[in-house]
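Peer 1:
Number of protein chains: 2
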Amino acid sequence: MNREHATAQSARSSFGGGFAVDVRIVLLTVHDGSLSVAALPDGDGWQLPRGVPLASMPLDSAARLLLAETTGLHEDYLEQLYTLHVNDGDDWIVLISYLALVASGSGLPVTEAVWLAASSTGFGDVDRMVLDYAIVRLQAKLGYTTVAFHLMPEQFTLTELQDVYETALSMQLDKRNFRRRIIASGMLEQLDEKRRDGSHRPARLYRFRAGHDPQAYLTPQWADGA
Amino acid sequence: MNREHATAQSARSSFGGGFAVDVRIVLLTVHDGSLSVAALPDGDGWQLPRGVPLASMPLDSAARLLLAETTGLHEDYLEQLYTLHVNDGDDWIVLISYLALVASGSGLPVTEAVWLAASSTGFGDVDRMVLDYAIVRLQAKLGYTTVAFHLMPEQFTLTELQDVYETALSMQLDKRNFRRRIIASGMLEQLDEKRRDGSHRPARLYRFRAGHDPQAYLTPQWADGA
DNA sequence: CCAAAAGTGTTCTCGATACACCCATGT
DNA sequence: ACATGGGTGTATCGAGAACACTTTTGG
């Protein structure tokens, strides 16, 4: 690599004085069979987990920290979505939005935080836009990545995996085709155990094969922290 | 839409005091048959067009303005890439990167600005990362969008279009398959004129059909300015 | 008539879709 | 024995890749 022209660069570029910066996180999961988002009460409505990032750490780390503070959860997946400049009253705020995922069934340790159906009303306009965009991104990524991994517990059956896909995509999928594709992709590892949970044939358990999360090409390799 | 809980939101979130914010723009084009990037001299190396955005406008507009100031060009396409928090000497800077495109053959009115081959050395580490990522994004988008449009002049031949694709992708394409796909996509409009430019059969001219730039789903619809 | 780029069709492979029945278990 | 969800195979279609010759012009 080349040396960094840090001095010349900063001399010319930095110091715009002070921008207000705000991080907002769309934390999604599948909860009770519907795509759900973590929300905090805000007056008579709801808001997304948010906060001002600490100044001296990568943004991703700051987002993780804020998410832990507001919801008590450590996400399984975090991806930057988009940066906006919004007019909030008199001031303009630089707003950096993130998509985070946790495994289906995760509780919310922080008492005020709740899971809402992703289609719920009661969010502010900006939060609503960010939330809608997060859903679009998640759906797109389910198609060509293994993000679904981060919505699943350690072990699961193929039917459970299909349910998560169907919920997140709000679309029915063919069982045989789904299984064929998933197996063919090589991202699953078959376990020996089976799950017995009713008066019917037990289901074989699977887990995701290590090193099978290409993380997609939408997020740069470095992804902050440089 | 729901009312915005602006007061409650800002009370809780804003005021992190002052973050230094910097915008960097990767302006790409095809120049002399190679993928090229607009660069400005920086000591004995080069830097990307950059600057501090004006505080009271959407980031996209600020980026456009900075690009015009530094290169004298008005881009045909602008897309946000990624936001980083980088450690520049003692200070941390919030760095918002953009990808911009202009038509092949555009000159650079500002005297210091030059077109460099996109693979050139002499950029700082951060600029290099941002540049590499911009190229990956452009290549990915050529596959499933009509961004190539913004790299072409008003009218062009199929061979010229193919040349741009081949340059940007650094990959050879089959002439017949390329034409079939491009025509089948319906994004081109055949013109009556032909271009005579040598001792050989003249080529039919095309232009992009209006309203055929789905702008991809990677960029949110609102894309700033809310 | 020769050089140079424009233009044009067919075959093959592979991934995606549609679709219906038998299997293992608990009660 | 029956109800319940688990599990499997085959035929069809369309998109993408490989591949070579004829056409039109200027010199």
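Read top to bottom, the protein sequences are chains A and B.
Everything in the first sequence is counted per my numbering, starting at 1 for the first residue and increasing by one.
Everything in the second sequence is counted per my numbering, starting at 227 for the first residue and increasing by one.
For each residue, glycine too, the CB sits at the ideal point set by N, CA and C.
Keep in mind the model is a prediction, meaning the values are calculated, not measured.
1) Taking 8 Å as the threshold (beta carbon to beta carbon), is ALA55(A) in contact with chain B?
2) Using the beta-carbon of each residue, which ones in chain A are nearer than 9 Å to VAL320(B)?
3) Report the neighbours of GLN306(B) on chain A: residues whose CB is nearer than 8 Å to its CB, in chain order.
4) Please return the same chain residues whose Cβ sits closer than 7 Å to the Cβ of ARG137(A), not counting the five positions on each side in sequence.
5) Excluding the 5 residues preceding and the 5 following GLY227(A) in the sequence, name in chain order all residues of the same chain whose CB lies nearer than 6 Å to its CB.
6) Label ASP90(A) either buried or exposed according to how many other C-beta atoms from any shown protein chain fall within 10 Å of its C-beta, with 16 as the threshold for buried.
7) Taking one C-beta from the stretch 51-60 of chain A and one from the stretch 143-160 of chain A each time, how about it: are there three or more such pairs within less than 8 Å?
8) For the candidate residues ILE135(A), HIS85(A) and THR111(A), whose alpha-carbon lies nearest to that of ALA117(A)?
9) Can we say the stretch 107-116 of chain A touches the stretch 155-170 of chain A, given the rule of at least three CB pairs closer than 8 Å?
10) Label ILE96(A) either buried or exposed according to how many other C-beta atoms from any shown protein chain fall within 10 Å of its C-beta, with 16 as the threshold for buried.
11) Can you find the residues in the same chain that come closer than 7 Å, C-beta to C-beta, to THR71(A), ignoring five residues on each side of it along the sequence?
12) When burial is assigned at 16 or more other CB atoms within 10 Å of the CB, is HIS85(A) buried or exposed?
13) Going by the CB atoms, is the gap between ALA203(A) and LYS194(A) shorter than 8 Å?
14) Is it the case that the Cβ atoms of LEU293(B) and ILE251(B) are separated by a distance below 8 Å?
15) Can you give the beta carbon distance from THR255(B) to ALA329(B), rounded, assuming they're within the 8 Å contact cut?
16) Taking LEU417(B) and GLN381(B) to be in contact with their CB atoms under 8 Å, please state how far apart those CB atoms are, rounded to whole angstroms.
17) Is the distance from the Cβ of VAL164(A) to the Cβ of PHE245(B) below 8 Å?
18) Check each candidate in GLU69(A), ARG196(A) and SER119(A) and name the one with the smallest Cα separation from THR157(A).
19) Might you give, ordered along the chain, the residues of its own chain that have their beta carbon closer than 7 Å to the beta carbon of TYR303(B), omitting 5 neighbours on each side?
20) Exposed or buried, which one is TYR359(B) when buried takes at least 16 other CB atoms within 10 Å?
21) Could you tell me the distance, in whole angstroms, from the CA atom of MET129(A) to the CA atom of SER199(A)?
22) Where does the unbroken beta strand (DSSP E) through ALA265(B) begin, and where does it stop?
23) Ends of the beta strand (DSSP E) at ARG207(A)?
24) Determine whether the Cβ of LEU395(B) lies closer than 8 Å to any Cβ atom of chain A.
25) Once DSSP output is grouped into helix, strand and coil, what is the label at ASP302(B)?
26) Quick one: give me the first and last residue of the beta strand (DSSP E) that SER97(A) is part of.
27) Measuring straight from C-alpha to C-alpha, what distance separates SER332(B) and LEU299(B)?
28) Ends of the beta strand (DSSP E) at GLN398(B)?
29) Helix, strand or coil, according to DSSP, for VAL459(B) in the structure here?
30) Taking only three categories from DSSP, how would you classify THR296(B)?
31) Over the uninterrupted beta strand (DSSP E) stretch that includes GLU415(B), give me the two end residues.
32) Would GLU295(B) and GLY277(B) qualify as a contact pair, given that the criterion is a beta-carbon distance under 8 Å?
Peer 2: Taking the definition as stated:
1) Stepping through the first sequence from its first residue, residue 55(A) is reached at position 55. Answer yes: the Cβ-Cβ gap between ALA55(A) and chain B drops below 8 Å somewhere.
2) Counting from 1 along the second sequence, the entry for residue 320(B) is found at position 94. The answer, in chain order, is PHE19, VAL21, PRO53, LEU59, THR83, VAL94 and ILE96.
3) By 1-based counting over the second sequence, the position of residue 306(B) is 80. Per Cβ cutoff of 8 Å: TYR82 and THR83.
4) Position 137 of the first sequence, counted from the start, is the residue given in the question as residue 137(A). Here the set comprises LEU81 and LEU99.
5) Residue 227(A) is absent from the model: chain A starts at 1 and stops at 226.
6) Within the first sequence, the letter at position 90 stands for residue 90(A). Label assigned to ASP90(A): exposed.
7) The stretch 51-60 of chain A is not in contact with the stretch 143-160 of chain A.
8) Here residue 117(A) refers to the residue found at position 117 when the first sequence is read from its first residue. Selected option, being the one with the closest Cα: ILE135(A).
9) Between the stretch 107-116 of chain A and the stretch 155-170 of chain A there are fewer than three inter-stretch CB-CB distances shorter than 8 Å, so the stretches are not counted as touching.
10) As a working mapping, residue 96(A) is identified with position 96 in the first sequence. ILE96(A) comes out buried.
11) For this step, residue 71(A) is matched to residue 71 along the first sequence. For THR71(A), the CB contacts under 7 Å within the same chain, skipping 5 residues up- and downstream, are LEU27, ALA38, PRO49, LEU108, VAL110 and ALA113 in chain order.
12) One-based indexing of the first sequence puts residue 85(A) at position 85. Answer is buried; the Cβ neighbour count reaches 16.
13) Within the first sequence, the letter at position 194 stands for residue 194(A). Within the first sequence, the letter at position 203 stands for residue 203(A). Contact: yes.
14) Residue numbering aside, residue 293(B) sits at position 67 when the second sequence is read from its first letter. Residue numbering aside, residue 251(B) sits at position 25 when the second sequence is read from its first letter. Yes. Within cutoff.
15) Here residue 255(B) refers to the residue found at position 29 of the second sequence. Here residue 329(B) refers to the residue found at position 103 of the second sequence. Their Cβ separation, rounded to whole angstroms, is 7 Å, which keeps THR255(B) and ALA329(B) in contact under 8 Å.
16) On the second sequence, position 191 is the one that residue 417(B) refers to. On the second sequence, position 155 is the one that residue 381(B) refers to. Correct: roughly 6 Å between the Cβ atoms.
17) Against the first sequence, residue 164(A) aligns to sequence position 164. Against the second sequence, residue 245(B) aligns to sequence position 19. In this structure, PHE245(B) does not lie closer than 8 Å to VAL164(A) by Cβ.
18) Residue numbering aside, residue 157(A) sits at position 157 when the first sequence is read from its first letter. Nearest option by C-alpha distance: ARG196(A).
19) Mapped onto the second sequence, residue 303(B) falls at position 77. Result list for TYR303(B): ALA326, LEU327, VAL373 and HIS376, in chain order.
20) Position 133 of the second sequence, counted from the start, is the residue given in the question as residue 359(B). With 16 or more other Cβ atoms inside 10 Å of its own Cβ, TYR359(B) counts as buried.
21) As a working note, residue 129(A) is residue 129 in the first sequence. As a working note, residue 199(A) is residue 199 in the first sequence. A direct Cα-to-Cα measurement between MET129(A) and SER199(A) gives close to 45 Å.
22) Translated into positions along the second sequence, residue 265(B) becomes position 39. It spans 260-268 - the beta strand (DSSP E) in which ALA265(B) sits, taken as one unbroken run.
23) Taking the first residue of the first sequence as position 1, residue 207(A) is located at position 207. Note, ARG207(A): beta strand (DSSP E), 203-208.
24) Along the second sequence, read from residue 1 onward, the residue named residue 395(B) stands at position 169. Not one chain A Cβ lies under 8 Å of LEU395(B).
25) Within the second sequence, the letter at position 76 stands for residue 302(B). DSSP places ASP302(B) in coil when its eight states are reduced to three.
26) Residue mapping note: residue 97(A) aligns to position 97 of the first sequence, counting from 1. First-last of the beta strand (DSSP E) with SER97(A): 91-101.
27) Here residue 332(B) refers to the residue found at position 106 of the second sequence. Here residue 299(B) refers to the residue found at position 73 of the second sequence. Distance between the alpha carbons of SER332(B) and LEU299(B): 8 Å.
28) Residue 398(B) sits at position 172 when you count from the first residue of the second sequence. Taken as a continuous stretch (DSSP letters only), GLN398(B) belongs to no beta strand (DSSP E), as it is neither H nor E.
29) Because chain B in this structure spans residues 227 to 452, residue 459(B) falls outside the shown range and cannot be described.
30) What you label residue 296(B) is simply residue 70 of the second sequence in a count that begins at 1. Correct three-state label for THR296(B): helix.
31) Translated into positions along the second sequence, residue 415(B) becomes position 189. Residues 414-421.
32) Here the question's residue 295(B) lines up with position 69 in the second sequence. Here the question's residue 277(B) lines up with position 51 in the second sequence. Taking 8 Å as the cut-off, the Cβ atoms of GLU295(B) and GLY277(B) count as close.
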